[in-house]
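Colleague: What follows is a single structure, and I will ask about it in a moment.
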Amino acid sequence: MKIIQRLSEMKVGQIATIQAFHVDTGFKYRLNGLGLRIGKKIEVVRHAPFTGPFQLRIGSTELMLRKQDADMIEVSM
């Protein structure tokens with residue numbers, strides 16, 4: 001059974017699959033350019049305290065994403 005949640009709810013070390021983006025088209029293209037695509041596996045490497053950014057790993061690429069942007073990405077565990 002898949003658990004659907006927001007990327008911002010993931011804990012450090014968890015791996016999930018991207019299911020949907022709830023953003024405008026322009027930002028979706030930007031996320032795609034960074035490697036975030038539906039069906040890709042994503043891992044949370046680190047999360048800064050409070051409302052700080054998330055450090056994510058997709059394949060061999062690592063990137064930082066703001067919490068408010070991570071709130072708009074739906075993943076399944």
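The sequence shown: position 1 = 1 (the numbering used here), numbered continuously.
We put the beta carbon where it would ideally sit given N, CA and C, even for glycine.
These numbers come from a predicted model, not from an experiment.
In chain order, which alpha helix (DSSP H) runs of at least 4 residues are fully inside the region 4-40?
Modeller: For the region 4-40, whole alpha helix (DSSP H) runs of length 4 or above, ordered along the chain, are 25-33.
Colleague: If you pair each beta-carbon of the region 59-67 with each one of the region 14-29, do three or more pairs fall below 8 Å?
Modeller: Cβ pair count under 8 Å is below three, so no.
Colleague: Since I believe Lys40 is in contact with Ile18 (beta carbons under 8 Å), could you give me their beta-carbon distance rounded to a whole number of angstroms?
Modeller: Working through the sequence shown from its first residue, we reach residue 18 at position 18. Working through the sequence shown from its first residue, we reach residue 40 at position 40. Their Cβ separation, rounded to whole angstroms, is 5 Å, which keeps Ile18 and Lys40 in contact under 8 Å.
Colleague: What are the boundary residues of the beta strand (DSSP E) that includes Phe50?
Modeller: Here residue 50 refers to the residue found at position 50 of the sequence shown. Taken as a continuous stretch (DSSP letters only), Phe50 belongs to no beta strand (DSSP E), as it is neither H nor E.
Colleague: Based on Cα-Cα distance, which residue from Gly33, Ala20, Ala48 lies nearest to Met72?
Modeller: Here residue 72 is taken as the residue at index 72 of the sequence shown, counted from 1. The candidate whose alpha carbon is nearest that of Met72 is Ala20.
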